[in-house]
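Going line by line, the protein sequences match chains A and B. Number 430 marks the last residue of the first sequence (the working numbering); no jumps. Number 1342 marks the last residue of the second sequence (the working numbering); no jumps. We put the beta carbon where it would ideally sit given N, CA and C, even for glycine.
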Amino acid sequence: MKSKKPVSIQMKLLLSYTVTSLLVIIVNILLFVSINGIAEELSRAYETNVLLNELTDSLERVQSSMTEYLNTKATDAIERYYDTEQEYRDDLQRVVEGSQNSIVLENILNLSDTYLETATDTVQAKRSRIVDKYNVSFEEAEELYGYINSYIYSLNNEQFRYNSTNYAILQGSLRNLEFLTLTILLVVTGVNILLTTFITKNIMDPVQERELMMEAHLKDAELKYLQAQINPHFLFNTLNAGAQLAMLENADRTCEYIQNMAAFFRYKIKRDEKDTTLSEEIGLVDNYIYILNVRFSGDIHFEKDIQESCVNTPVPGMILQPIVENAVNYGVRDLEREKLISLRVFSEEEEIKVEICDNGIGMTKERIAEVMSGEASAAKDNKNLSGNGVGLINVISRLRLFYNVENVLTIESEGPDRGTKVTIHIPKRI
Amino acid sequence: MNEKNRKSIIISIGIFLAVLAAATLFGVLYFRLQFHKLPVLYQETESFDHHYAFICGDMQDHFHNAVYEAAKDAFAQDNDYLEFMGRNLNTNYSRYDLMKIAIDAKLDGIIVESNESDEMTKLIDRADEAGIPVITLGVDNTSSRRKSYVGYGYYEVGQNYGKEILKQVRDETQTVLILMSVDAENLSQNIIFQGIKDTIDKSESSKYFKLRTMAVEETSTFSAEETISGLIMGNEELPEFMICLNELYTTCALQALVDYSQVGETNVYGFYTNNTILQAIEKNILSGTVTVDTKQMGRYCMEAMKEYETAGFVNEYMPADITVITGENIDEYLDREVRYEE
């Protein structure tokens, strides 16, 4: 496998989010642009009609200003006439630019030319007071005005029909575009989901990898555990052989010692992780103290005060010995004075109490709190426990699980050098 | 594994973007295409060299429409445009108004179904003054400065009617009723009548035929139909022969024959052809019709105009062929028409 720096989950999520968002944004922008285009065209669909309407209006203004001038010969009327004439020409130009070239439009243009010429002639004739002429040419202009109006009206109608067709087509294409938009968005959403699935699946892979590794480690640990179990068996058998040898040689104390050791290891093999009774637990403590006393030349004094009615109480295995071991290791080991450990089992109203007291160096309140909360470094404890491997917190959690009660163990100490008392509270009703 | 996945992610994103781009492009193109599909409002004028006017009295008339279509096609071959004046307008203008419009709109030439009225003469002369050549169609205006007259021989039409009637001579006197318009300006029908009269008078069996005319009121829009229906359903005895001198009278007459169960009671001769008239001849409702080659007339209009433009003068009279269609030759006629269309 290539050693590539693995992309973090955050990065991958960010990537998937960014890519999918970008896709949606791009699609939206493209569609927005297209729809905008159509909307613009739609709004322009009737533009020519608007232009033609304006043309009709300005034609009417030309005609009325001319008529007004002929009626009144007023100066402002003639000014208005020239203004409106120019306006009409401008509007005409706009219509020509805004619409398709057509026969009708060409007719309008030419008729308008003639009309404006006639109108100007009329106005001039009026100025020169040629009454006959301006009357005739006014009639002509009026006739032309009618023709042009009729042409514009017709063109307007035609354009309207044409524009309506266009409008319908544009609307149709708008609908198509809407459909396309919806389809594209749906496809994008679908692809986004696929993409996200793909990317997040990729995220899951390293997790699975780690799981595999953990499993492998576990297997490894299990193997080591099995190997570790072989040793006590071997030790137990060899110890038994040693005890028999000692008996044959009449070395009674050696024999007893070895037998105690054998019993201790046998119990370890048999009882680890299983429930047992209080009496068996006490027996194990006896064995342990015996072994220790041989080791430490009998200077640990062990006192027992056991209420016989309590000994058959079921307890989880390996709970007393680790506490006693702790009392020896942390409490009394380095004492110069007499080392005393006492075990009391007695019944109270609600519970059976198992007290393990020592006269050792005692504990501060902080230390007690640390131990109770499990903050005391497990590694440190494990190291110091020299191989038995069962810490106090382990005992507490097993007791809690076993009895389903929170308050299962208390530690008391009156201060430095005043000893420690560990009490196990076994509820009578489980 | 990661390498592979990354590659496939990149490829799939690429494909997706390509598809997306294609879809959007397709959308935009489709939209553009819609624009190209938009109908063209009018033919563009820029592409035409000249712009001519076609003016006639009755714009619905099949005869004039057929002539117009033929003439328009003929002009189009020269890259010119012939406008059917007034057809695009919402106002119904008279021929005289349309003439004025054509002149004031400075068109390049006018083809007009004229009459002999003074007003028409004035307008034709005014157009001529403005440098616009006028060709009269169907009905002439002899006193004007029109450049040419494209029509058909009315006298010849009359002769044809006469010949058809003479074929059915009997040993008794038969009445021939000729339906004529009250329009005094329409001199052509007088010539047709003369043709019929002369043909019959000159024949040996002239004594067996009695000619009568009837004026069809055209004072209001639908009065022709009323007059003709009145005649056919009336209690008076129907004449043996009825001659209708235009398409409208013909159609009205044959409809009245069917409506009032008078088929076979009289021999009706019509003018011009349309689907109704042709079917009526096939079914023997109509005895026959006299028709003019409209395609030829249309072509003549264009030729007269072009000839005048290039040479400065043109034949004063260009007559089109006249055909008589009866039950005997209708199949032949239809065959020829079909072949012509093809």
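query                                                                                                                                   : result
Run of the alpha helix (DSSP H) containing ARG129 (chain A), from where it starts to where it stops                                     : Careful: ARG129 (chain A) lies outside any alpha helix (DSSP H) and carries neither H nor E.
ALA1018 (chain B) in three-state terms, based on DSSP                                                                                   : helix
Collapsed DSSP secondary structure at PRO322 (chain A) in the structure displayed                                                       : helix
Chain A contacts from the region 1104 to 1137 of chain B (Cβ-Cβ distance under 9 Å)                                                     : ASP1104, ALA1105, LYS1106, LEU1107
Residue(s) in a DSSP beta bridge with ALA1053 (chain B)                                                                                 : B:GLU1083, B:ILE1110
Contact with chain A by LEU1248 (chain B), beta-carbon distance below 8 Å                                                               : no
Below-8 Å beta-carbon distance, LEU13 (chain A) vs any chain B residue                                                                  : no
Residues near THR84 (chain A) by beta carbon distance below 6 Å, same chain, minus five either side                                     : ARG61, VAL62, SER65
CB contact flag (ASP1125 (chain B), ARG1145 (chain B), <8 Å)                                                                            : yes
Beta-carbon contacts of ASP1128 (chain B) that lie in its chain and below 7 Å, excluding the five residues immediately before and after : VAL1134, ARG1145
Sufficient close CB pairs (3 or more, under 8 Å) joining the region 1229 to 1245 of chain B to the region 1261 to 1273 of chain B       : yes
Span of the alpha helix (DSSP H) around PHE1075 (chain B)                                                                               : 1062 to 1077
LEU1177 (chain B) and MET1214 (chain B) closer than 8 Å at C-beta                                                                       : yes
ARG1339 (chain B) versus ALA1304 (chain B) - alpha carbon distance                                                                      : 27 Å
Residues of its chain near VAL1324 (chain B), where Cβ-Cβ distance is below 7 Å and the 5 sequence neighbours each way are ignored      : ASN1160, GLU1164, GLY1288, VAL1290
Nearest neighbour of TYR1249 (chain B), chosen from B:VAL1182, B:LEU1137, B:GLY1014 [CA to CA]                                          : B:VAL1182
Where SER1117 (chain B) falls: helix, strand or coil (DSSP)                                                                             : coil
4 or more residues per run - each alpha helix (DSSP H) lying fully within the region 1272 to 1319 of chain B                            : 1275 to 1282, 1294 to 1311
Distance, ILE1330 (chain B) Cα to ILE1281 (chain B) Cα                                                                                  : 8 Å
Sequence-distant residues of its chain with Cβ nearer than 7 Å to THR20 (chain A) (five each side left out)                             : ASN192, LEU195, THR196
Supposed close pair MET1099 (chain B), ILE1111 (chain B) - CB separation, criterion 8 Å                                                 : The Cβ separation is near 11 Å, so there is no contact.
Spatial distance of ALA1320 (chain B) from VAL1067 (chain B) (CA atoms)                                                                 : 11 Å
Close beta carbons around TYR1300 (chain B), own chain, < 8 Å, minus the five adjacent residues each side                               : VAL1150, MET1318, ALA1320
Exposure label - ASP1078 (chain B); buried when at least 16 CB within 10 Å                                                              : exposed
GLN1174 (chain B) - partner residues in DSSP beta bridges                                                                               : B:PHE1209
Secondary structure of SER297 (chain A), DSSP reduced to three states                                                                   : coil
Three-state secondary structure (DSSP) of ASP305 (chain A)                                                                              : strand
Runs of beta strand (DSSP E) wholly within the region 241 to 277 of chain A (minimum 3 residues, chain order)                           : 275 to 277
ASP358 (chain A), enclosing beta strand (DSSP E) - first and last residue                                                               : 351 to 358
LEU70 (chain A) - containing alpha helix (DSSP H), residue span                                                                         : 47 to 72
Own chain, CB closer than 6 Å to GLY1195 (chain B), minus 5 neighbours either side, in chain order                                      : TYR1155, GLY1158, GLN1159
Buried or exposed by the 16-neighbour rule on C-beta atoms within 10 Å, applied to PRO316 (chain A)                                     : buried
HIS1062 (chain B) vs GLU1247 (chain B) beta-carbon contact at 8 Å                                                                       : yes
Which of helix, strand or coil DSSP assigns to ALA1105 (chain B)                                                                        : coil
Segment limits, alpha helix (DSSP H) that includes ILE393 (chain A)                                                                     : 392 to 403
Residue(s) in a DSSP beta bridge with SER342 (chain A)                                                                                  : A:GLU303, A:CYS357
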